[in-house]
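A.B. asks: One structure coming up, written as structure tokens, with questions to follow.
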Amino acid sequence: MIIVPRPVAQLPWRVIFLIIAIGTMGLMTLYSTAGGSLQPWALRQGSIFIALLGVAIAIRYMPVSFIKSMTPLAYLAVLGLLVAVELVGFVGKGAQRWIDLGFMKLQPSEFMKPVLVLMLARFYELLPTGDIRKWRAIWPAAALIGIPAGLTMIQPDLGTSLVLMLGGIAVMFLAGLPAWLFITGGLATAAAIPLAFSFLHEYQQRRILIFLDPESDPLGAGYNLSQSKIAIGSGGVWGKGYLNGSQSHLQYLPEGHTDFIFSAMVEEWGLVGGVLMILGFAGILGWGLRVARRANDRFSQLAAAGLTTNLFFYVTINLMMVMGLAPVVGIPLPLVSFGGSAVMTVLLSIGVLMAIDRKSQTDTRRPGWG
Amino acid sequence: MKRVTEQNREQLFSRRMMLVGGLQATFGAALIARLGYLSISQNKYYQTLAEDNRVQMIIVPPRRGWIVDRHGAPIAINQSAFRVDAIPDQMDKENIDRELDLLTQLLDIDPEERQRIRDEIMSKSGYRPVQVADNIPYDQYAAVTVRLPELPGIEPMRGFRRFYPAGPAVGHLVGYVGAASREEYEAEDNNPLLVTPGFKIGKEGLEETLEKRLRGQPGGQRVELTARGRLVRELEPKPDRSGGTVQLALDAGLHEFAARRMGLESGACIVLDCLTGEILAMASMPAYDPNSFSDGIGRTEWRLLSENERRPLVNKTLNALYPPGSTLKPMASLALQGQGIDPEERVFCPGGYQLGNRFFRCLGKHGSVDMNRAIAKSCNTYFYAMGHRVGYDVIADMARKLTLGATYDLPVVSQSYGTIPDSEWKMRKYDRPWTSADTLNAIIGQGYVILNPLQLAVMSGRIASGRAIDPKLVGVHPKPAPLLDIPTQHLDVARRGMWQVVNGDGTAGASRLPLDGIEMGGKTGTAQVRRLSSGDGRNVPWKYRDHGLFIGFAPVDKPRFAVSVVIEHGMGGSRAAAPVARDVLTYLYDREKAMASLEQMEEQWGGSLKQRTAAFHQHVLDVANANAAPSPTPSEGDGA
């Protein structure tokens with residue numbers, strides 16, 4: 001038996017292994033879509049990934065109380081950045097999303113995803129338990145969600161805005177707000193969809209219409225989705241083999257290194273690769289939910305569950321999108337797609353989850369689950 | 001109180017966590033199910049689509065089959081030519097105008113054409129090329145090749161153009177080729193071959209009717225392309241198969257001679273093998289030049305041709321009908337004998353025939369004539385009298401037996417079959433009974449009778465050989481046709497009469513063959529275009545003059561070749577048509593002698609057919625330039 005130092009042995013190795021496995025798969029796919037080259041994506045993504053994994057492990061050692069106290073500050077700071085994007089935003093892909101810091105492009109709406117969840121968890125922790133069915137349990141939370149979601153919507157970034165709202169609502173649901181609120185809210189949303197549709201940008205409207213009938217325009221705007229389905233479907237059970245994906249290598253699959261990286265991966269690794277990756281994500285999510293259940297204070301419970309749910313929305317919306325189950329909304333696949341912001345959000349969230357896990361383990365003095 | 005609420009809250013959180021976890025698991029399962037559906041049950045479908053994406057076929061048009069004559073001499077062949085295509089996907093569409101400017105300058109592209117090229121490049125996607133220029137001279141091809149680095153997506157290529165060595169002489173017979181029209185493209189279910197630049201299909205004549213045999217199988221260069229059309233690598237090519245060579249029964253030398261021999265006249269000349277029915281020559285003149293039609297005919301050339309009163313766009317061997325005049329008399333003599341009339345029986349010709357109160361004129365006062373003499377001197381009176389005796393219906397039967405009024409099983413685009421009238425026909429058409437006057441008109445090949453020159457040739461051949469020949473254009477058919485059920489003695493009377501026409505003191509005495517031991521039999525005909533009161537028509541406008549016709553065969557003692565000649569407005573068969581037949585048959589036996597006399601004649605006509613064709617093209621160019629001078633846009637170059 002190999003003797004490992006206690007702090008190292010205490011790390012949640014199973015989840016770290018899953019993260020590294022998924023990240024490695026992503027790097028390999030980036031290498032492949034670049035035509036078998038580390039440039040321009042795999043190398044950069046790899047270094048960002050390793051650095052941020054280090055940051056996540058570092059966060060693990062932060063006391064939850066410190067994270068808790070930093071939360072309102074972080075919320076205000078990111079909100080400020082969202083406003084700044086509007087002012088000095090970088091125009092790219094028809095949407096104003098980034099602040100160019102020189103060494104990297106910062107996408108504040110990405111940060112808002114975990115920070116919003118933490119902020120809501122903090123809010124419900126402070127709210128007296130008896131007030132949970134009162135009006136004052138709703139409107140501050142609605143404001144906390146609505147302001148960043150609104151700012152993201154006008155960027156316009158419908159996908160991120162929706163994930164922000166869904167994540168926030170999930171926390172509200174778990175906090176124990178009355179169920180009728182969510183049921184009537186859901187019905188009202190369904191009723192309002194046609195109205196909301198008319199407020200969307202034309203390209204967003206088109207994406208939704210094309211999602212409903214992708215074959216209507218296979219060479220035009222439905223091209224992305226058609227090619228993505230071709231890539232996935234043509235892979236079969238075992239895939240075309242690594243570096244042999246014709247759809248991605250011949251550039252028929254658009255955005256094969258970002259939003260549609262799952263399609264590029266499945267084309268080469270087949271159903272087997274796709275299922276393994278989904279199971280990998282399921283493992284991380286299951287761990288996150290267990291962390292939430294094990295947590296012994298309200299902030300930790302809500303934060304862990306909210307962060308996990310965020311990650312779930314991230315993965316699920318992307319996968320539904322590339323497989324033709326949801327409109328193309330432009331959400332990357334976390335840990336896999338090229339791009340720093342998404343990796344940062346996800347690994348920071350996982351860092352916080354690990355910190356919460358560590359706290360609950362220390363508090364109950366239970367042996368580490370790992 | 002608070003403790004209970006705290007407790008409730010914990011329970012609620014657990015319940016809701018279960019719900020959230022369950023929902024997430026459900027979504028996960030749905031995603032895996034969807035993935036399985038796409039990659040297992042839809043796998044074949046998407047594999048096909050991925051393969052369609054990856055691999056594209058660049059069509060390699062097949063080389064068109066040759067058309068050769070009975071001896072293998074070329075009638076329609078392919079010549080190496082240079083062309084320039086554009087591959088839209090490989091062009092930088094933002095710089096397209098710079099590229100087109102350069103091409104316009106290098107290839108002399110006119111503004112209209114430039115616009116067409118630009119529109120096609122901008123609207124097309126994929127690897128399908130757009131034609132920039134076709135059949136360009138080597139200099140221009142080389143100029144484009146040299147500047148290729150500045151012209152991304154432009155491909156100078158070596159292709160083929162159709163070439164007809166005999167030019168206009170074979171125009172009506174073989175037709176021409178051209179780029180497929182929208183209708184032709186749609187008729188073949190949008191066959192992509194038809195819109196491949198440089199590919200041409202048959203547009204007229206044999207090129208059109210033999211399209212299937214001549215086309216061949218297109219090949220394909222299978223290539224792997226990126227979504228942007230960049231070529232990754234070439235996969236295994238599928239070779240093209242050239243179209244088949246089609247051999248005609250035609251004798252190309254004889255055919256060209258016949259066409260040239262007609263000189264400046266307008267008309268048709270057909271030579272058949274009267275044992276087998278093979279068409280050895282089938283010339284219609286004047287004619288368009290299929291070479292210039294195949295390159296895409298200009299508007300000016302089209303206008304000049306269609307305005308010409310000698311109708312160079314009409315195939316006069318099949319699509320023009322003429323009153324056959326006296327050329328039907330040998331046929332009528334067979335019908336009369338079939339009715340038991342003794343060829344020795346004499347009729348007195350006082351210069352015409354009195355029918356009731358009408359006097360039907362003869363061309364002369366022939367005195368007492370028998371059947372033989374009536375044919376030789378073309379005595380109308382004899383045939384008036386005899387025709388009146390037997391009635392026209394039996395003569396019409398004989399006419400039909402000799403294929404007059406019939407269509408033939410020939411690979412031609414269209415044939416006009418004309419009319420052999422009879423009493424039933426007249427009743428059907430005009431609702432009036434047949435009259436004796438109708439008989440008199442019809443028996444001398446006037447009135448309702450109109451026929452095409454090929455029918456006259458077949459009639460002549462059937463009389464000459466006594467065999468049921470049908471004209472054959474494609475392939476060599478050495479087997480003689482079966483005999484007709486016409487008694488040989490009857491045929492001999494007709495043939496003897498025809499011998500006398502040429503070799504006795506008949507109407508075509510000036511057209512004896514200038515050969516030892518080979519004699520021609522024949523019959524002249526003159527068809528009135530307009531009833532002229534008197535005179536020989538020399539001083540009337542060309543288009544009102546009589547048509548000259550002649551049918552004949554040779555050698556008389558052992559018939560082998562049958563001939564028919566129609567010279568439009570040639571003012572009589574003996575003057576205009578018989579000499580052509582004489583020279584054409586002479587060519588069959590003594591090529592040098594025939595060519596020598598032809599060359600002499602051509603000098604008086606302003607040069608050989610080739611020289612006159614070249615002069616016509618120059619004239620077209622001059623007219624086009626003169627028209628184009630006031631406006632800066634020349635109107636040449638649109639297809640016809």
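The listed protein sequences correspond, in order, to chains A and B.
Numbering of the first sequence is given in the UniProt record's numbering, commencing with residue 1 and proceeding in unit increments.
Numbering of the second sequence is given in the UniProt record's numbering, commencing with residue 1 and proceeding in unit increments.
By construction, the Cβ of each residue, glycine as well, lies at the ideal position given by its N, Cα and C atoms.
Since the structure is predicted, the reported quantities are computational estimates derived from the model, not experimental observations.
Residue 534/B by DSSP, collapsed to three states: which one?
C.D. replies: The predicted position of residue 534/B is uncertain, since its pLDDT is 48 and thus under 50; a value taken from the coordinates is nonetheless stated next. DSSP places residue 534/B in coil when its eight states are reduced to three.
A.B. asks: Among 345/A, 360/A, 223/A, which one has its Cα closest to the Cα of residue 106/A?
C.D. replies: It is 345/A whose Cα lies nearest to the Cα of residue 106/A.
A.B. asks: CA-CA distance, residue 279/A and residue 336/A?
C.D. replies: Each residue's Cα considered, the two are about 14 Å apart.
A.B. asks: How far does the beta strand (DSSP E) with residue 524/B in it extend, from its first residue to its last?
C.D. replies: Looking at the DSSP string, the run of the beta strand (DSSP E) that includes residue 524/B is 521-527.
A.B. asks: Quick one: measure Cβ to Cβ for residue 258/B and residue 584/B, integer angstroms, because I've assumed they're closer than 8 Å.
C.D. replies: Contact holds; Cβ gap of about 5 Å.
A.B. asks: Give me the Cα-Cα distance between residue 254/B and residue 217/B, rounded to the nearest whole angstrom.
C.D. replies: Those two C-alpha atoms are separated by around 33 Å.
A.B. asks: Reducing DSSP to helix, strand and coil, say where residue 554/B ends up.
C.D. replies: Three-state DSSP puts residue 554/B in a strand.
A.B. asks: Is the CB-CB distance between residue 75/A and residue 28/A below 8 Å?
C.D. replies: Contact: no.
A.B. asks: In chain B, which residues lie with their C-beta within 8 Å of the C-beta of residue 293/A?
C.D. replies: Within chain B, the residues near residue 293/A are 14, 17.
A.B. asks: Buried or exposed, going by whether 16 or more other CB atoms sit within 10 Å of the CB of residue 619/B?
C.D. replies: It counts as exposed.
A.B. asks: Do the CB positions of residue 642/B and residue 609/B come within less than 8 Å of each other?
C.D. replies: Nothing in the structure corresponds to residue 642/B, since chain B is present only between 1 and 640.
A.B. asks: Would you check if the region 114-130 of chain A and the region 348-365 of chain A touch, i.e. whether three or more CB-CB distances between them fall below 8 Å?
C.D. replies: Segments in contact, yes.
A.B. asks: Can you check which of these residues, 231/A, 10/A, 4/A, is closest to residue 359/A by C-alpha distance?
C.D. replies: Considering only alpha carbons, the answer is 10/A.
A.B. asks: What residues are listed by DSSP as bridge partners for residue 159/B?
C.D. replies: In the DSSP output, where bridge partners are listed per residue, residue 159/B has 81/B.
A.B. asks: Closer than 7 Å, Cβ to Cβ, to anything on chain A: give me those residues from the region 22-36 of chain B, in chain order.
C.D. replies: Against chain A - using a Cβ distance shorter than 7 Å - the residues of the region 22-36 of chain B are 24, 27, 28, 31, 32, 34, 35, 36.
A.B. asks: Could you check if residue 177/A is buried or exposed, using at least 16 other CB atoms within 10 Å of its CB as the buried criterion?
C.D. replies: That one is buried.
A.B. asks: Could you tell me the distance, in whole angstroms, from the CA atom of residue 386/B to the CA atom of residue 435/B?
C.D. replies: If I take the Cα positions, the gap works out to 15 Å.
A.B. asks: Along chain A, which residues have their Cβ under 9 Å away from the Cβ of residue 232/B?
C.D. replies: Those within 9 Å of residue 232/B in chain A are 249, 250.
A.B. asks: Is it true that the CB of residue 567/B sits closer than 8 Å to the CB of residue 256/B?
C.D. replies: For residue 256/B and residue 567/B, no; Cβs fall outside 8 Å.
A.B. asks: State the DSSP-derived secondary structure class of residue 353/B, mapped to helix, strand or coil.
C.D. replies: Here residue 353/B sits in strand by DSSP.
A.B. asks: Just list the alpha helix (DSSP H) runs in the region 315-367 of chain A, keeping only unbroken ones of 4 residues or longer that don't cross its boundaries, in chain order.
C.D. replies: For the region 315-367 of chain A, whole alpha helix (DSSP H) runs of length 4 or above, ordered along the chain, are 340-364.
A.B. asks: Cutting at 6 Å between CB atoms, please list the residues of its own chain near residue 505/B, excluding the five before and the five after it.
C.D. replies: Once the five neighbours on either side are set aside, residue 505/B has no close Cβ partner at all.
A.B. asks: CA-CA distance, residue 312/A and residue 232/B?
C.D. replies: The alpha-carbon atoms of residue 312/A and residue 232/B are separated by roughly 40 Å.
A.B. asks: On the DSSP bridge list, what partners appear for residue 366/B?
C.D. replies: According to DSSP, residue 366/B bridges with nothing at all.
A.B. asks: Does DSSP put residue 244/A in a helix, in a strand, or in coil?
C.D. replies: Coil, per DSSP.
A.B. asks: Determine the contact status of residue 122/B and residue 93/B, defining contact as a CB-CB distance below 8 Å.
C.D. replies: Contact flag set, yes.
A.B. asks: Should residue 12/A and residue 357/A be called a contact, given that it needs their Cβ atoms to be closer than 8 Å?
C.D. replies: Against a cut-off of 8 Å, the Cβ pair of residue 357/A and residue 12/A comes out as a contact.
A.B. asks: Report the neighbours of residue 235/A on chain B: residues whose CB is nearer than 7 Å to its CB, in chain order.
C.D. replies: In chain order: 39.
A.B. asks: Does the beta carbon of residue 170/A come closer than 8 Å to any beta carbon on chain B?
C.D. replies: Yes - at least one Cβ of chain B is within 8 Å of the one on residue 170/A.
A.B. asks: Helix or strand or just coil, what does DSSP make of residue 205/A?
C.D. replies: Here residue 205/A sits in helix by DSSP.
A.B. asks: Residues in the same chain with beta-carbon distance under 6 Å from residue 52/A, minus the five sequence neighbours each way, listed in chain order, please.
C.D. replies: Same-chain partners within the cutoff: 343, 344, 347.
A.B. asks: Helix or strand or just coil, what does DSSP make of residue 3/A?
C.D. replies: In the structure shown, residue 3/A sits in coil (DSSP, three-state: anything other than H, G, I, E or B).
A.B. asks: For residue 547/B, does the three-state DSSP call read helix, strand or coil?
C.D. replies: In this structure, residue 547/B counts as strand in the three-state DSSP scheme.
A.B. asks: DSSP three-state label for residue 104/B, please.
C.D. replies: Residue state, collapsed to three classes: helix.
A.B. asks: Output, in sequence order along the chain, the residues in the region 175-188 of chain A whose CB is closer than 7 Å to any CB in chain B.
C.D. replies: Residues passing the 7 Å Cβ filter: 176.
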